[in-house]
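Protein chains in written order, with the working numbering: chain A, 1 to 368; chain B, 369 to 953.
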């Protein structure tokens, strides 16, 4: 018996060891240095092997679009989904001495300053920037390159307002009116990305002097705060399980309601409020991670992300919009889409500098 | 035994190596669990804490910042308070439930046990949706009450209240008490109770003087685990409690992810760890004091059918209570996955809901041609694969550790190591997740993106459960049995095989079920490490529920129902194993 006990011990050590080393050679996302060197001698054009793209959880891409890139460049692209936007970025920052991937996609303008200050990206002056409007290029040194944008706006359930013979809210100020009492649910900016974006919209619109007064007004009008988008949308929004007909969500949520309807429907049951300065625009960036040894292929991937092929795939996969002017939008998407002409602006530097103070002030005003 | 002086000397030498072996044995038993913890727990944790703390200008600053903050003080107070109340409530429901499962034999008991275990694996977002369908402003209960009493507003306010947090904690953790205490109880000798009765003790006296003291080790162990789970609660607080409540873990998440204030996050993580450590040390002392060796008996002897009217009434009340609290929310959710609700009006149309299989059908269609589309079979396979690996790892590491603990609970190394084993449970998942990034980053241990990290991370959580289920059972084996075996010439290995293993077969199954369910339901670590091509079921559920649209919500509910079914099937399958139950006694 003692012998068999020791045998079990050995087996455990062996399997743990195997587990630890096994994937290294065969399927680890980052090949060992030797493997990379071998590829280098053969030349990156001939066989670049694999590149790794680190993203947040919401990243999506069509099979055919990916196949197109992989075939053209004779390379395999591996994706590493590393959590929500903030978590993925923190992981990229902490791994910067030995990067987990070659390209990082998914840092947005609310986190941009953190990414740039930590120096995780290398400069890449891609020729494709010519096809992208200047308003998206928030990093003048071209380390973080804009890929897509989406607007965080108020959404409302159309039927509620029809039934109750009430005008839907037209702008942020409307929600202070007594007839809108108890109708709004928002997300906590400390824990939710759309929550933060909506808080920034109020800061951009009412200015640093006025935004807290606006929130005081919302509190008086019985605003409901929850921690995450899922609870706000699926538990509190009256379109779903709740009682509140106005919710902070995305400008693209109404077309998504059509595309993901149970049965084909003609019209979205919800709509977005897109008055001037009532939405906050989240711009998402990609960049080549500092320390990659596959710079050339990483550049090709970034160029691909900015090219019409990938850009046209973005809306139906991720429900955000391409930044490339030459990309054409899908029909369903365009039909039900309301894009605000003018969004509320807050610069990434101001966000980085004031994030904590703003969230704290918001918390004191709204939750206490 | 052997004649002549030569034989005598040989015998002596043999005895000396035997005593040497006995002295070394605890260390040998601890070796592998310790190496595992050192590599996959302490190394990553120490690395991330050092890196975080040295990011600041001065080392003392984050400490001053954290300890002088009124927010941190109130967060700490709330964390302790809600964990204490949640644990007491969980025991309040769990102990009578454990008695029912331990002492009575009735049809459907295995199913009841499996049903009560399912909440443990459900993702918080889904549970929140389930509670909302029951108790939300437009949930069944509120609608019924409004119709009944002709009210204009929903009378019950559930989400964003402290009640929601407490109810959800009871919902999640009652199974821990049911299994740990229930299975220990089922082996207690009922004759002790009968003896006390015949000596004139009333029910209350028998309970407080006989049963509870004997059960104390198992109750303490279960309470400790429940408390640590509640203490480090994250999803429940965030989703059901809402923005007015924060535990230390929630504050660590906010400091880390939203503010990137790693030094303060590190201090808070250490505070959380210190609390866990203090608690486990207190537990170890207490538990050593209350443990008494008792003769375990086969369940055939300890269990009786429901014959008396009182026992039937008790069973009926308990079963209804358990089902109502632990199963109805899940039923609401399963029902939702088969229901089509009017095309335009979300959940509140006047149209009668219709039965549909659309959401299940939709799960198998890659409508958008996405690279990351995963058919449900793949997700089920990934979940089961990780879960089985976790069971193997956790038992392989937990058996030697608990055996060492049970052999000599008083020794210093055992006391110290016992507490250390519990630490991973009380560690901030956010912190440890980042620790993996900065520690396991060099070959041969570059595991940062490797799928093997998933069962390893799950094992860290499962190990304390395995040890806590096994040790009380192993400790209760009367030392006389072991001594007798040894006197009769049995080697430690033989003692283990013929005395210890058969007596704790049931506890091993309980451990396996804990490891299995922990792995099936774990979300945080899995979401960070899982390759997008092979997500587990909870990760796949999250993908659906984080997007707007009826189909997405319906598919999340459908996958949740599949998760429940797979988990229940897995638990029932494990229960069918019989590792030499104590039937022969």
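Even glycine gets a Cβ: it sits at the ideal position worked out from N, Cα and C.
Review point. Name the DSSP beta bridge partners of residue 473 of chain B, please?
Key: B:673
**Study point:** Contact list for residue 409 of chain B against chain A, beta-carbon separation under 9 Å
**Key:** Residues of chain A passing the Cβ test: none, with the nearest at roughly 14 Å.
Exercise for review: Starting from residue 794 of chain B, trace the alpha helix (DSSP H) both ways and give me its first and last residue.
Suggested key: 780-794
**Study point:** Residue nearest to residue 58 of chain A in terms of C-alpha spacing, selected from A:65, A:347, A:108
**Key:** A:108
Exercise for review: Alpha carbon to alpha carbon, how far is residue 167 of chain A from residue 275 of chain A? Give it in angstroms, no decimals.
Suggested key: 14 Å
Practice item. Indicate whether at least one CB of chain A lies closer than 8 Å to the CB of residue 715 of chain B. Key: Confidence at residue 715 of chain B is low in this model, with a pLDDT of 44, below 50, so the placement of that residue should be treated as unreliable; the coordinate-derived value is given next. Taking Cβ atoms only, chain A reaches closer than 8 Å to residue 715 of chain B, which makes this a yes.
**Study point:** residue 470 of chain B versus B:546, B:894, B:886, residue with shortest Cα-Cα distance
**Key:** B:546
Review point. Got a sec: which bits of the stretch 231-251 of chain A sit with their beta carbon under 9 Å from any beta carbon on chain B, in order along the chain?
Key: 231, 233, 234, 235, 236, 237, 238, 239, 240, 241, 242, 243, 244, 249, 250
**Study point:** Per-residue DSSP class, three states only, for residue 146 of chain A
**Key:** strand
Check your understanding: Whose C-beta lies closer than 8 Å to the C-beta of residue 671 of chain B among residues of the same chain, with five residues either side of it excluded?
Key -> 470, 471, 472, 473, 554
Review point. Roughly how many angstroms lie between the CA atoms of residue 235 of chain A and residue 161 of chain A, to the nearest whole one?
Key: 19 Å
Review point. Taking the runs of the alpha helix (DSSP H) that are 4 residues or longer, which of them lie wholly in the stretch 690-754 of chain B?
Key: 696-705, 726-731
Check your understanding: Which whole runs of the alpha helix (DSSP H) in the stretch 482-544 of chain B are 4 residues long or more, in chain order?
Key -> 492-503, 508-517
Check your understanding: Quick one: what's got a C-beta closer than 6 Å to residue 319 of chain A's C-beta in the same chain, skipping five residues either side?
Key -> 252, 256
Exercise for review: Give a yes or no on whether 8 Å exceeds the smallest Cβ distance from residue 718 of chain B to chain A.
Suggested key: Its pLDDT being 45, under 50, residue 718 of chain B is placed unreliably by the model, and the measurement read from it follows with that caveat. So no, residue 718 of chain B is outside the interface.
Check your understanding: Opposite residue 322 of chain A in the DSSP bridges: which residues?
Key -> A:148
Point to revise | Test: residue 226 of chain A CB closer than 8 Å to a CB of chain B | key: yes
Check your understanding: Given that residue 622 of chain B touches chain A, what residues does it touch there, using C-beta distances under 9 Å?
Key -> 190, 191, 359
**Study point:** Neighbour-count burial assignment, residue 445 of chain B, 16 or more Cβ in a 10 Å radius
**Key:** exposed
Exercise for review: Within the stretch 550-604 of chain B, note down every full alpha helix (DSSP H) run reaching 4 residues or more, in order along the chain.
Suggested key: 558-566, 580-599
**Study point:** Neighbour flag for residue 527 of chain B against chain A, beta carbons, 8 Å
**Key:** yes
**Study point:** Nearest-angstrom Cβ-Cβ length linking residue 803 of chain B and residue 413 of chain B, presumed shorter than 8 Å
**Key:** 5 Å
Point to revise | Members of the stretch 606-632 of chain B that neighbour chain A once the beta carbon cut-off is set at 7 Å | key: 606, 607, 610, 611, 612, 622, 624, 625, 626, 627, 628
Check your understanding: Which two residues bound the contiguous beta strand (DSSP E) that contains residue 81 of chain A?
Key -> 75-81
Check your understanding: By Cβ distance, which residues of its chain are closer than 6 Å to residue 528 of chain B, with the 5 residues on each side in sequence left out?
Key -> 610
Review point. Where do the ends of the alpha helix (DSSP H) carrying residue 94 of chain A lie?
Key: 85-94
Point to revise | Residues of the stretch 859-890 of chain B with Cβ closer than 8 Å to any Cβ of chain A, in chain order | key: 859, 860, 861, 862, 864, 865
Review point. Cβ of residue 317 of chain A less than 8 Å from any chain C Cβ?
Key: Included in the structure are the protein chains A and B, with no chain C among them.
**Study point:** Close Cβ partners of residue 800 of chain B (< 7 Å) along its chain, the five nearest in sequence each way excluded
**Key:** 412, 413
Review point. Under 8 Å between C-beta atoms, does residue 340 of chain B make it to chain A?
Key: Lying outside 369 to 953, the shown extent of chain B, residue 340 of chain B is not represented and no answer is given.
Check your understanding: For residue 371 of chain A, which residues in chain B fall below 9 Å Cβ to Cβ?
Key -> The structure shown does not extend to residue 371 of chain A, since chain A is modelled only from 1 through 368, so no value can be given for it.
Check your understanding: From this set, B:620, B:740, B:935, B:854, which residue's C-alpha is nearest residue 884 of chain B's C-alpha?
Key -> B:935
Review point. In chain B, what lies closer than 7 Å to residue 351 of chain A by C-beta?
Key: Neighbours of residue 351 of chain A on chain B: none; closest Cβ ~12 Å, over 7 Å.
Exercise for review: Would you tell me roughly how many angstroms separate the C-alpha atoms of residue 313 of chain B and residue 855 of chain B, rounded to the nearest one?
Suggested key: Coverage of chain B is limited to positions 369 through 953, which leaves residue 313 of chain B absent and any answer about it impossible.
Review point. According to the neighbour-count rule (16 or more other Cβ atoms, all chains shown, within 10 Å of its Cβ), is residue 911 of chain B buried or exposed?
Key: buried
Check your understanding: Under a three-way DSSP split, which group does residue 165 of chain A fall into?
Key -> coil
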